[in-house]
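According to my numbering, the sequence shown is numbered sequentially starting from 1. Positions of the beta carbon are idealized from the N, C-alpha and C atoms, including for glycine. Computed from a predicted model, the values in this text were never measured in an experiment.
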Amino acid sequence: MKDIYRDLPFEMPVIERPVIPDLNICLTDFGGSGDGVTLNSEAFEKAIQYLASKGGGRLIVPQGVWLTGPIELENNVELHLSDNSIVVFSQDKSLYPIVETVFEGCKTFRCKPQLSAVRKSNVAVTGKGIIDGAGDIWRLGKKNEMPPMVWNECIQNGGILSEDGELWYPTESYYRGAKDAIQNIVPWAKTMEDFESVRDFLRPVMVNFRECDGVLLEGIVFQNSPCWNVHLSLSRDIIVHNIAVRCPWYAKNGDGIDIESCTNLLLTDSWFDVGDDAICIKSGKDEEGRRRGIPASNIIVDNCVCYHGHGGFVVGSEMSGGVKNIAVSNCRFSGTDVGLRFKSKRGRGGVVENIYIKNIMMNDIVSEALLFDLFYGKRVSVKLPEQDEDMIAFDADETTPQFKDIYISQVTCHGAKRAMLFNGLPEMNVRNVFIEDCHIYADEGAKIHEATNVNLRNVMVTPKSGPALMLNNVKDLTVIGFQCRRIDGNALIVTGSRNRLISVSSSCISERNAFVSNKAEGSVVYK
């Protein structure tokens, strides 16, 4: 395992596994029953408190199906699931009290996470079992996203349909919260009575470790969460190894693993098949995130597989506390919406820097293999030649997000809608991005909009049609050894009045097959 730290481009300590005292107890010793019917909340609590009173130890969950309410770990406690064990969280929503927590980068009130630890040291969840969040009873349903059989089952179970018949709300309580919600926040909810009235809308995260020191997740299948599957926040010295995270593709907010403002984290040999972003790095949202000022830093992601997900590896959109020193390597993305996804928008602030990505294999990517979207939630398309207009630049301040110093190499993608899209802010370009030794086969080529100091070296982009490279208001862009298939028409298109110092050295791009608009004239040099 220590080999993974070799040749890191930043300094990072070797993360040690939590040291758990050598005391083993079994859940059945505390009245637990794995019959799939008996509620084991009391047995889990008694067992964990017993271990805590002894200074810690290992709680063994034997073979069986163990129904329970929320589980909260204590210092120096390991929850170990044996072969053929399944922990299923109860569908009784009254078991999950409203508590103060952090969600989507801000302090808020939501139902208590199903498996949690807050301000604890040396906690672990290990074994070969399954943890199931029973998320189907919690989540909103969208007709156009769900298989007909699943949609019909939802309707038969009751709930509330929207007026147009396209949305299914599981309960009146959920509908009451959803109809006024802004980004999962109910603006009028101020008192505990208010929050209780929309309890079902405040879905619990399945696994939440917050402000912890020394965390291990290993070997477990986490599935079917009501909301985010695994949320690690404001914690340090974390190992996540050989886990699987899965939930239905239509699961609302069905993120795989969200790593928020954590320091010193190792994520290895894991796979994800989820309803939202698969592996996501965050650090707080807007003013609250900037005020907290705790970046996500010193993170290694290696040898992971992502199937369905909105993004394979993702940074943002809540990155206001900063993200730095991230290394991603040897990963496979198959069928994700986007491969490598960087997202934010005006108002976030924060700096994302020192990101190192190499040896990534992708296939059947629904949208972009590589995406920088600084207009998250309201994407503005890259200007076409006949729309040769410049976007208005706002004044840059602390609320302006920055993405810089990003190194991407050895990426191969077979099948994507678009090879790349950089959609930067005119007042704060995406900058210092170095892409090397990449081969991308896509329906459309690469579009780079409002970026500074981008280097493409030995990159092959093979679009089915259209230009291989479209540039709009880029500065200090260097293209060396760029390859593309024979293209009928323009291989390169350059538009916008803010282009500067574009240098192209390519056997497939020349002045003869490039279109440079009047506003961009003189900005390109062919070598």
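Check, Outcome
"At least 3 beta-carbon pairs within less than 8 Å: the region 82-89 vs the region 165-183", "no"
"Coarse secondary structure for Ala278, derived from DSSP in three states", "coil"
"Burial state of Gly289, where buried means 16 or more other Cβ atoms lie within 10 Å", "buried"
"Pairwise C-alpha distance: Thr171 and Gly158", "8 Å"
"Sequence-distant residues of its chain with Cβ nearer than 6 Å to Cys438 (five each side left out)", "Val411, Val459"
"Continuous alpha helix (DSSP H) stretch holding Glu45: start and end", "41-53"
"Nearest-angstrom Cα separation, counted from Gly275 out to Gly141", "12 Å"
"Beta-carbon proximity check, Ile300 vs Ile60, cutoff 8 Å", "no"
"Reference Gly321; option with closest CA among Ile281, Arg486, Val338", "Ile281"
"Whole-angstrom C-beta distance between Val430 and Gly445, which should lie under 8 Å", "Going by Cβ atoms, the distance from Gly445 to Val430 rounds to 18 Å, so no, they are not a contact pair."
"Length-filtered (3 minimum) beta strand (DSSP E) runs lying within the region 202-271", "207-210, 213-218, 221-223, 230-233, 236-241, 244-246, 257-260, 263-268"
"Inter-residue Cα distance where the pair is Val352 and Arg292", "16 Å"
"Burial state of Met192 (16 or more Cβ within 10 Å)", "exposed"
"Of the listed residues Leu232, Glu218, Asn499, Phe201, nearest to Cys212 (C-alpha basis)", "Leu232"
"Among Ser367, Ile355, Gly311, Glu436, the one whose alpha carbon lies nearest that of Gln402", "Ile355"
"Exposure label - Lys252; buried when at least 16 CB within 10 Å", "buried"
"Sequence-distant residues of the same chain with beta carbon closer than 8 Å to Tyr50, five excluded per side", "Ile25, Phe30"
"Proximity winner among Leu370, Asn330, Gly496, Trp138, relative to Gly415 (alpha-carbon distances)", "Leu370"
"Contained alpha helix (DSSP H) runs [length at least 4] in the region 388-449, N- to C-terminal order", "none"
"Outcome for Trp66 when other beta-carbon atoms lying within 10 angstroms are tallied against a minimum of 16", "buried"
"Coarse secondary structure for Met460, derived from DSSP in three states", "strand"
"C-beta contact flag for Val207 and Val240 at 8 Å", "no"
"Residue from Gln223, Leu216, Ile440 whose Cα sits closest to the Cα of Val19", "Leu216"
"The region 297-314 in contact with the region 255-266 per 3-pair CB rule at 8 Å", "yes"
"Three-state class that DSSP yields for Arg58 in the structure shown", "strand"
"Whole-Å CB distance - Gly424 paired with Leu374, under 8 Å assumed", "5 Å"
"Expected contact under 8 Å - CB spacing of Ala468 and Ile487 to nearest Å", "6 Å"
"Identity of the residues DSSP links to Ile355 by a beta bridge", "Ile326, Ile406"
"heavy atom of the ligand FAD below 7 Å from Lys447 C-beta", "Of the ligands one can find in the structure shown there are none, so the ligand FAD has no counterpart to examine."
"Contact under 8 Å by Cβ, Trp228 with His308", "no"
"Alpha-carbon spacing of Glu16 relative to Asn76, whole angstroms", "14 Å"
"Where Gly177 sits in the DSSP three-state scheme", "helix"
"Check whether Val221 and Ile130 have beta carbons under 8 Å apart", "yes"
"Three-state class that DSSP yields for Arg332 in the structure shown", "strand"
"Under 8 Å between C-beta atoms of Val366 and Asp337", "yes"
"Beta carbon of Ala491 nearer than 8 Å to that of Asn518", "no"
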